[in-house]
Amino acid sequence: MPAKMFEHPYRGRWAAIATMHGKERAIAPVLCRWFGMTITTAPGVDTDALGTFTGEIARSGTMLDAARAKALLAISRTGAPIGIGGEGAFGPDPGLPFIASGRELLLLRDSATGHEIVVFRRTATNYDHVTIAPGDPIDAFLARVGFPDHAVVVRAEPRDGRAPAKGLRDRKQVEAALRDVFTSAGRAAIETDMRAHLNPTRMTSIARLARALAVRTARCCPSCGTPGFGLVDVERGLPCGECGAPTRRIRAEIHGCSACATRALRRERAAALYADPTWCQICNP
Ligand SMILES: [Zn+2]
Ligand SMILES: [Zn+2]
-7 MPAKMFEHPY RGRWAAIATM HGKERAIAPV LCRWFGMTIT TAPGVDTDAL GTFTGEIARS
53 GTMLDAARAK ALLAISRTGA PIGIGGEGAF GPDPGLPFIA SGRELLLLRD SATGHEIVVF
113 RRTATNYDHV TIAPGDPIDA FLARVGFPDH AVVVRAEPRD GRAPAKGLRD RKQVEAALRD
173 VFTSAGRAAI ETDMRAHLNP TRMTSIARLA RALAVRTARC CPSCGTPGFG LVDVERGLPC
233 GECGAPTRRI RAEIHGCSAC ATRALRRERA AALYADPTWC QICNP
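Per our numbering, the very first residue in the sequence shown carries number -7; after that it's consecutive.
This is the structure in C-alpha cells:
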C-alpha cells in the first residue's frame, strides 16, 4: 500500500453497514485493514423489506438503488459519516443462458457530501434450482449446490400462498419441508439460498468485491482529492493492423472523479499496437 494512504480522507473514519445477512464479516476486515475504519452493523435494519431472493418481496429499482437505500439506512440508523450497502442478483448468464451467473455491487456513501464509490462484478455462483415430485432423488442436486455448507430453500411449485422454508442446512430439515409441501402440492422446488451468511460462495465473492472497493477508494482524485478515482469509461478506436482505420477495440481506459470533472487517459495502448483486422469494419465488414 502506498504511504500516502496514511493521509487518506477516510482514514480512521466510522462506517456503518446495513445487512441482515452477515455481509460485514466479508467487508469490515478489508476496510479496517486498508483504512483503519471502525465498522458498525446498523441495528434494526430490515434489508429484506427492500427485496428478497425468494420472491416474497420483489426488489423495486436497480441493484444500485437497493445498495444506495441500504447505505442511507445505515447512515440514518447510526449517525455514521459513511454508509455501506451491497446488493446481489443471480440468474442465467445473459451471454450463456445455461450457466448461472451472479452479480454483486457494493456502494460506499459519504453522508456529508453525498459522494458515492461503487464497485460491481460478475461472480461465480452456485445459484440453481430443481423441481421435483414425491419420491424423486435430490442427492445429485444437493451435491451440485454445495449442500450442506450452502443452505437451500424449499417451496411449492408453482408457488402457493405459504412462506418458503428457508435456510435449510440439514438433510432431515429438507425432507421434512418437502413432506410438508407435498401434503398440499404435487410438485416442490428446491433452490439455493442466496443470503450471504448461508452461502459461502457468495460470501467469498463479497470479500473479493470489498477488496475492489478498497482499491478504488484508496485512489484519490488528483485535482480535488475525493476518494474513488478510477475507471469510468473506455476509449475505443485501436487502429486496424491492416488498413489503420479505427476499430471497436479499446485504445485506452478513461479514469475519472465522480465529484469533479477531472478525467485522465490511463493504460493507453502503445502506438505500435494494432487491432487484428477481424475487428475492422473495413477489412472484415
Ligand atoms: Zn482494416
Ligand atoms: Zn475530483
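Here a beta-carbon is modelled for each residue, glycine too, at the ideal position from N, C-alpha and C. Computed from a predicted model, the values in this text were never measured in an experiment.
Which residue comes first and which comes last in the alpha helix (DSSP H) that contains residue i?
i, result
"E167", "163 to 174"
"K62", "55 to 70"
"K131", "Position check: residue 131 holds Asp in this sequence, whereas Lys was assumed. Residues 131 to 136."
"W6", "Not the alpha helix (DSSP H): W6 falls in the beta strand (DSSP E), residues 6 to 9."
"V22", "16 to 27"
"R187", "That residue, R187, is in no alpha helix (DSSP H); it is neither H nor E in DSSP."
Taking only beta-carbon atoms, is residue i less than 9 Å away from chain D?
i, result
"A251", "Checking the listed chains, one finds no chain D in this structure; it contains a single protein chain."
Which same chain residues, not among the five before or five after residue i, have their C-beta less than 7 Å away from its C-beta?
i, result
"D141", "P192"
"L223", "E245, H247"
"A125", "G178, R179"
"R208", "I109, V111, G220, G222"
"A267", "L230, P231, C232, G233, T239, R241"
Within a Cβ cutoff of 8 Å, which residues of the same chain sit near residue i, ignoring the five residues on either side of it in sequence?
i, result
"G83", "A92, S93, Y119"
"A148", "R154, V173, S176, A177, R179, A180, A181"
"A282", "Examination of residue 282 is not possible in this model, given that the chain is present from -7 through 277 alone."
For residue i, collect the residues of the same chain with a Cβ closer than 6 Å to its Cβ; drop the 5 residues on either side in sequence, then sort them by chain order.
i, result
"L42", "A58, A61"
"T115", "G94, E96, S197"
"R258", "E245, H247"
"I274", "C235, A237"
"P156", "T46, V145, R147"
Which term fits residue i, buried or exposed, when burial requires 16 or more other beta carbons within 10 angstroms of its beta carbon?
i, result
"V173", "buried"
"K164", "exposed"
"A319", "The structure shown has nothing for residue 319, since the chain only spans -7 to 277."
"D152", "exposed"
"A135", "exposed"
"D313", "The chain is shown only over -7 to 277; residue 313 falls outside these bounds and no answer can be derived."
What span of residues does the beta strand (DSSP E) with residue i cover, start to end?
i, result
"L100", "92 to 102"
Checklist entry - Got a list of residues with beta-carbon closer than 5 Å to any non-hydrogen atom of ligand 2, in chain order? => result Residues flagged by the Cβ proximity filter: C213, S215, C216, T218, C249, A251, C252, T254.
Item to check | Residues passing the C-beta test against ligand 1 heavy atoms, cut-off 6 Å | outcome: Having a Cβ closer than 6 Å to some heavy atom of ligand 1 are C232, E234, C235, A237, P269, C272, I274, C275.
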